[in-house]
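Here is the structure we will look at.
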Amino acid sequence: MDTLSSPGKRLNLRTLLNIYLRSFFFQGSFSIKDRQNTGFAFCMEPVGRILWNDPADLKAFRLRHLEYYNGNPFMVPLVLGAVARMEERLLSGDGMKIDDISQFKKAVSQASGAVGDRFFWRTLRPFGLVLGLLAAIFYGLWGVFVFLALFNIPTMLLKWYWLTQGYKLGPKVVIELQNQYIARAAHTMENTGGIILSFLAVAFLSRQEYEISWISAGTIGIFILTITLLKRKISHSIVFPIAVCVAIIFGIIIDMFP
Amino acid sequence: MNTYAVLIFIAGIVAMDTTSGPQVLISEPIVSCSLLGFLFGIPETGLTMGALFQLLWLGYMPLGAARLTDGNMGAYISTAGLFTAGRIFGLHDDIMKAVVIPAMLYSIIVGYIGLRVTQSIRKLNGIRNDKMRQVLETGEEVSIKWYHVKGIGSSLVRGMIMGVILIPLGACLFGIITVLPLQVIHALMRSSFLIWGAVFASGIIFFWNRGIERYFLIGSIGGILWILFLLLGKG
């Protein structure tokens, strides 16, 4: 962390740690109009208090970070770190303009939103969940901890890494958005997640003491019906009640002809 | 009464973790329902309910301003109502199985209510946000932290209010099951297993949309081999 204490820089490790902790509540006051603008300003507050001592400057700092912002909450430390560095450069008159900060935020928020949503929400979370479910079959409640560890440990480490990289590289940190390791990890997790979930589906749906019974046949029938309807882009909220009705009718029929 | 207070508090935490922070996913059904199972002394049932809801809502993510049913709150409140009904009405295991289907339908309704309330809170956050900016522009001292904490607190309160109203309501609704004819209860019991077909399909479709069909084949073959292994083990 020698970059954090080298001459000419005003922010220290404590400030970055403060931003890091605040970033966990980045979405706290999400609004339909300006999305996470208050969250962004809230996370940048420690930077403003250190860099801008004049009340007018501090006011301008707060107002520019209350602009519209919409990005992924897990990737925001990358933007926060870079913007903190840009604010430092603005203060020291190192060729940085207020417009540059604004434009950087606009450009990176969308890109980080797309990359972060894909990696964290669409890949890491479901992968952690299916692995947690698999672990739950063998180790019961430990499966819950497997899921929490699988999601949170990489997320917390990456958030800190991105914050420090952002601070170190400034606007050049956009290269992190094209990180090949992340892309490869996401691809592997998607494929592995698919394998585990289909394994679980076959092993679980064919249960019933592994005998061919009407219950097993009915379960597989409802599985196929649900897949077919969902593939036609019909909403879960419509498909699921239909599946429930079919399941109840099937349950009544089985009960009538045991 | 103490358990009820804990249930309400956890409801607040679930709502907060889903939309505000710290977003460490303790609000996911597999975690919150397992915790409920632990609280009521039935950890395995809690885990099963968590798995059921988790697969159902696997594809639903709190992405930005996306208007999605609040599956986390739906799962938590519904399971809390189910376990409370189990304790109040002394429901035995078979009846509990029969209540699984009504509990899942109730979770969808709760999820919709959660969505509406979240939208209202986000509108309120916007109004508060505009007010803060206006005050800041006049040159007065403003605590952004305080405004932000109010937003986080709104989510906590949202969850707690939903818990106060919807957990007892769910418990009462699930208690009614006990007065249904025996034939209906039997049908519901059988359906509780059949519904796993629908929730697994919901999980599978989430991965299917990525174009990884051949990996499903590998997993399915693995599943079949696993069953054969168990059958051979049984002799």
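Read top to bottom, the protein sequences are chains A and B. With the working numbering, the residue at position 224 of the first sequence is 224, and numbering never jumps. With the working numbering, the residue at position 74 of the second sequence is 1074, and numbering never jumps. All C-beta atoms in this analysis are idealised placements derived from N, C-alpha and C, irrespective of residue type, glycine included. Values in this document were obtained by computation on a predicted structure and should not be read as measured data.
Around the C-beta of residue i, are 16 or more other C-beta atoms found within 10 angstroms, so that it is buried, or is it exposed?
{"i": "residue 39 of chain A", "result": "buried"}
{"i": "residue 1070 of chain B", "result": "buried"}
{"i": "residue 1029 of chain B", "result": "buried"}
{"i": "residue 142 of chain A", "result": "exposed"}
{"i": "residue 43 of chain A", "result": "buried"}
{"i": "residue 181 of chain A", "result": "exposed"}
{"i": "residue 1187 of chain B", "result": "buried"}
{"i": "residue 1016 of chain B", "result": "buried"}
{"i": "residue 140 of chain A", "result": "exposed"}
{"i": "residue 72 of chain A", "result": "buried"}
{"i": "residue 236 of chain A", "result": "buried"}
{"i": "residue 1094 of chain B", "result": "exposed"}
{"i": "residue 46 of chain A", "result": "buried"}
{"i": "residue 213 of chain A", "result": "exposed"}
{"i": "residue 54 of chain A", "result": "exposed"}
{"i": "residue 22 of chain A", "result": "buried"}
{"i": "residue 1138 of chain B", "result": "exposed"}
{"i": "residue 232 of chain A", "result": "exposed"}
{"i": "residue 10 of chain A", "result": "exposed"}
{"i": "residue 1230 of chain B", "result": "exposed"}
{"i": "residue 77 of chain A", "result": "buried"}
{"i": "residue 1097 of chain B", "result": "buried"}
Does any residue of chain A bring its CB to less than 8 Å from the CB of residue i?
{"i": "residue 1079 of chain B", "result": "no"}
{"i": "residue 1096 of chain B", "result": "no"}
{"i": "residue 1197 of chain B", "result": "yes"}
{"i": "residue 1206 of chain B", "result": "yes"}
{"i": "residue 1220 of chain B", "result": "yes"}
{"i": "residue 1120 of chain B", "result": "no"}
{"i": "residue 1047 of chain B", "result": "yes"}
{"i": "residue 1216 of chain B", "result": "yes"}
{"i": "residue 1104 of chain B", "result": "yes"}
{"i": "residue 1181 of chain B", "result": "no"}
{"i": "residue 1056 of chain B", "result": "yes"}
{"i": "residue 1139 of chain B", "result": "yes"}
{"i": "residue 1187 of chain B", "result": "yes"}
{"i": "residue 1190 of chain B", "result": "yes"}
{"i": "residue 1051 of chain B", "result": "yes"}
Can you find a C-beta in chain B that's less than 8 Å from the C-beta of residue i?
{"i": "residue 3 of chain A", "result": "Annotation note: pLDDT 43 at residue 3 of chain A (below 50); position unreliable, coordinate value reported separately. Not closer than 8 Å to any Cβ of chain B, the Cβ of residue 3 of chain A fails to qualify, so no."}
{"i": "residue 210 of chain A", "result": "Unreliable positioning characterises residue 210 of chain A in this predicted model, as indicated by a pLDDT of 48, which lies under 50. The coordinate reading is nonetheless provided below. Closer than 8 Å to some Cβ of chain B, the Cβ of residue 210 of chain A qualifies, so yes."}
{"i": "residue 6 of chain A", "result": "Only weak support is given to the placement of residue 6 of chain A: the predicted model assigns it a pLDDT of 42, under 50, and the question is left unresolved by the model."}
{"i": "residue 118 of chain A", "result": "no"}
{"i": "residue 59 of chain A", "result": "yes"}
{"i": "residue 182 of chain A", "result": "no"}
{"i": "residue 138 of chain A", "result": "no"}
{"i": "residue 134 of chain A", "result": "no"}
{"i": "residue 141 of chain A", "result": "yes"}
{"i": "residue 34 of chain A", "result": "yes"}
{"i": "residue 125 of chain A", "result": "yes"}
{"i": "residue 27 of chain A", "result": "yes"}
{"i": "residue 144 of chain A", "result": "yes"}
Using a Cβ cut-off of 7 Å, pull out every chain E residue sitting near residue i, in sequence order please.
{"i": "residue 1193 of chain B", "result": "Going by chain labels, chain E is absent from the structure shown, which instead holds the protein chains A and B."}
Can you pull the chain B residues whose beta carbon is under 9 Å from the beta carbon of residue i, in chain order?
{"i": "residue 38 of chain A", "result": "1125, 1128, 1129, 1132, 1144, 1147, 1148 and 1151"}
{"i": "residue 234 of chain A", "result": "Per Cβ cutoff of 9 Å: no residues; residue 234 of chain A is ~11 Å from chain B at best."}
{"i": "residue 202 of chain A", "result": "1219, 1220, 1221, 1222, 1223, 1224, 1226 and 1227"}
{"i": "residue 98 of chain A", "result": "Here the premise fails: no neighbours, minimum Cβ distance about 16 Å."}
So which residues of chain A does residue i contact, with C-beta pairs closer than 7 Å?
{"i": "residue 1212 of chain B", "result": "190, 191 and 194"}
Run down chain A in chain order and give the residues with a C-beta less than 9 Å from the C-beta of residue i.
{"i": "residue 1024 of chain B", "result": "24, 148, 151, 152, 155 and 156"}
{"i": "residue 1136 of chain B", "result": "59, 62, 63 and 66"}
{"i": "residue 1108 of chain B", "result": "236, 237, 240 and 241"}
Residue i versus chain B: which residues are under 8 Å apart at the beta carbon?
{"i": "residue 279 of chain A", "result": "No answer is possible for residue 279 of chain A: the residues shown for chain A start at 1 and end at 258."}
{"i": "residue 171 of chain A", "result": "The premise fails here: residue 171 of chain A is roughly 23 Å from chain B at the closest Cβ pair, so nothing lies under 8 Å."}
For residue i, return the contacting residues in chain B, with the cut-off set at a CB-CB distance below 7 Å.
{"i": "residue 226 of chain A", "result": "1197, 1198, 1201 and 1202"}
{"i": "residue 92 of chain A", "result": "Those within 7 Å of residue 92 of chain A in chain B number zero; the least Cβ separation is about 24 Å."}
Quick one: which chain A residues come within Cβ less than 8 Å of residue i?
{"i": "residue 1257 of chain B", "result": "Nothing can be reported for residue 1257 of chain B, as the shown portion of chain B is limited to 1001 through 1235."}
{"i": "residue 1101 of chain B", "result": "244, 247 and 248"}
Report task. Report yes or no: do the region 1002–1014 of chain B and the region 243–253 of chain A share at least 3 C-beta pairs separated by less than 8 Å? Result -> In short, these stretches do not touch, since the Cβ pair count stays below three.
Query raised in the report: Would you call the region 57–65 of chain A and the region 1146–1155 of chain B touching, i.e. three or more CB-CB distances under 8 Å?
Result: Short answer: they don't touch.
Query raised in the report: Given 8 Å as the limit, is there contact between the region 70–84 of chain A and the region 157–177 of chain A, that is, 3 or more CB pairs closer than that?
Result: Yes: the two stretches touch, three or more of their Cβ pairs being nearer than 8 Å.
**Report entry** Three-pair Cβ contact test at 8 Å for the region 30–37 of chain A versus the region 1125–1144 of chain B
**Finding:** Flag = yes, the region 30–37 of chain A and the region 1125–1144 of chain B touch.
Report task. Give the residues from the region 1005–1029 of chain B that approach chain A closer than 8 Å (Cβ to any Cβ), ordered along the chain. Result -> Within the region 1005–1029 of chain B, the qualifying residues are 1019, 1020, 1021, 1022, 1023, 1024, 1025, 1026 and 1028.
Query raised in the report: Quick check: the region 155–162 of chain A against the region 217–224 of chain A, are there 3 or more CB pairs under 8 Å?
Result: Between the region 155–162 of chain A and the region 217–224 of chain A there are fewer than three C-beta pairs closer than 8 Å, too few to call the two in contact.
**Report entry** Near-chain A residues of the region 1028–1044 of chain B - C-beta to any C-beta below 9 Å
**Finding:** Those would be 1028, 1030, 1031, 1034, 1035, 1037, 1038, 1043 and 1044, in chain order.
Query raised in the report: How about the region 1114–1122 of chain B and the region 1048–1055 of chain B: do they share at least three Cβ pairs that are nearer than 8 Å?
Result: The region 1114–1122 of chain B, when compared against the region 1048–1055 of chain B, does not touch it at the 8 Å Cβ threshold.
Requested in this report: Output, in sequence order along the chain, the residues in the region 1155–1179 of chain B whose CB is closer than 8 Å to any CB in chain A.
Outcome: Listed in chain order, the positions of the region 1155–1179 of chain B with a beta carbon within less than 8 Å of a beta carbon of chain A are 1155.
Requested in this report: Say whether the region 1095–1115 of chain B touches the region 1169–1176 of chain B, bearing in mind that this needs 3 or more beta-carbon pairs closer than 8 Å, one atom from each stretch.
Outcome: Output reads yes: the region 1169–1176 of chain B touches the region 1095–1115 of chain B.
Query raised in the report: Should the region 188–205 of chain A be called in touch with the region 1206–1223 of chain B, which here means at least 3 C-beta pairs below 8 Å?
Result: They touch, by the three-pair rule.
Query raised in the report: Would you say the region 1158–1168 of chain B touches the region 1076–1084 of chain B, given that touching needs at least three Cβ pairs under 8 Å?
Result: Contact between the region 1158–1168 of chain B and the region 1076–1084 of chain B is present, with at least three C-beta pairs closer than 8 Å.
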